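**Q** Sharing a structure with you now.
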Amino acid sequence: MPPRVLLLPVDDSDDSERAVKFVLDNIYRSGDEVHLCVVVAGSHSILAPGADGVPISVEDDEATKEAATRAAADFMSRRFEPLMKAAQARHAFEVVRFLADAASVGDAVSRRAAELGATLVAIAGHKKGKIAKWLLGSVTEEVVARSSVPVLLVQ
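If you use my numbering, the sequence shown corresponds to residues 31 to 185, in order.
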């Protein structure tokens, strides 16, 4: 059987760690490729008052973007590398840049799954209240709605 490509979008949460452990214990087979990815904002922009009182958009500088990428890579390595080594899993850590709202993050994960030819996307479900979910959206729901490959929701 050919190796499978498993994509696991993660964040620095216990929910993500549980999802990774579940996949390694129950889904992963020797030879599979496990790609853990975190989506970071391509840029943050804020509206600030300009000299004439008209709001202007202010973007993060390159150093801020690079620091966010390094921080994401560091937490993935710190939190997930020991799990990958213990399972002797072939793996890669990826930082994917995209706009940072639920729809965009879901789209970025779905696109990355298609680019990799992923067999499965396994994502942690986060417990949010109804108001928070309404205000912030749900990355998990967006991945399920947009993905062209099967999605496993790990609660």
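Just so you know, even glycine gets a beta-carbon here, dropped at the ideal spot from N, CA and C.
Since this is a predicted model, take the numbers as computed values, not measurements.
(1) Check Val-40 in the structure and name its three-state DSSP category.
(2) For His-121, write down the residues that DSSP places opposite it in a beta bridge.
(3) What distance in whole Å lies between the Cβ atoms of His-65 and Glu-124, which are believed to be in contact at a cut-off of 8 Å?
(4) Tell me the DSSP secondary structure of Ala-49 in three-state form.
(5) Between Glu-92 and Cys-67, what straight-line distance do the alpha-carbon atoms span, to the nearest angstrom?
(6) Does Arg-108 come out as helix, strand or coil in the three-state DSSP assignment?
(7) Go to Ala-175, then tell me how far its beta strand (DSSP E) extends in each direction, as first and last residue.
(8) Would you list the one or two residues that DSSP bridges to Arg-154?
(9) So, for Val-126: in the same chain, excluding its five sequence neighbours on each side, which residues have a beta-carbon less than 8 Å away from its beta-carbon?
(10) Give me the Cα-Cα distance between Ala-102 and Val-135, rounded to the nearest whole angstrom.
(11) Put Lys-95 into one of helix, strand or coil per three-state DSSP.
(12) If distances are taken between C-alpha atoms only, which option among Leu-38, Arg-34 and Met-31 comes closest to Val-169?
**A** The structure says:
(1) Locating residue 40 in the sequence shown gives position 10, where the first residue counts as 1. In the structure shown, Val-40 sits in coil (DSSP, three-state: anything other than H, G, I, E or B).
(2) Position 91 of the sequence shown, counted from the first residue, corresponds to residue 121. DSSP, once it has assigned bridges, lists Val-64 as partnering His-121.
(3) Your numbering for residue 124 matches position 94 in the sequence shown. Your numbering for residue 65 matches position 35 in the sequence shown. That pair is a contact at about 6 Å.
(4) Indexing the sequence shown from 1 puts residue 49 at position 19. Helix.
(5) Locating residue 92 in the sequence shown gives position 62, counting from the first residue. Locating residue 67 in the sequence shown gives position 37, counting from the first residue. Glu-92 and Cys-67: Cα-Cα distance of roughly 21 Å.
(6) Taking the first residue of the sequence shown as position 1, residue 108 is located at position 78. Reduced to three states, the DSSP call for Arg-108 is helix.
(7) Your numbering for residue 175 matches position 145 in the sequence shown. No beta strand (DSSP E) contains Ala-175, which is instead part of the alpha helix (DSSP H) from 169-176.
(8) The residue labelled residue 154 in the question sits at position 124 within the sequence shown. As written in the sequence, residue 154 is Ala, which differs from the Arg given in the question. Paired residues: Val-184.
(9) For the purposes of this step, residue 126 is taken as residue 96 along the sequence shown, with counting starting at 1. Excluding sequence neighbours, Val-126 sits near Cys-67, Val-68, Val-69, Val-70, Ala-138, Val-139 and Arg-142.
(10) One-based indexing of the sequence shown puts residue 102 at position 72. One-based indexing of the sequence shown puts residue 135 at position 105. Using only the alpha carbons, I get a separation of about 15 Å.
(11) As a first step, residue 95 must be located in the sequence shown, where it is residue number 65. Residue state, collapsed to three classes: helix.
(12) If you number the sequence shown from 1, residue 169 lands on position 139. With distances taken between Cα atoms, Val-169 lies closest to Leu-38.
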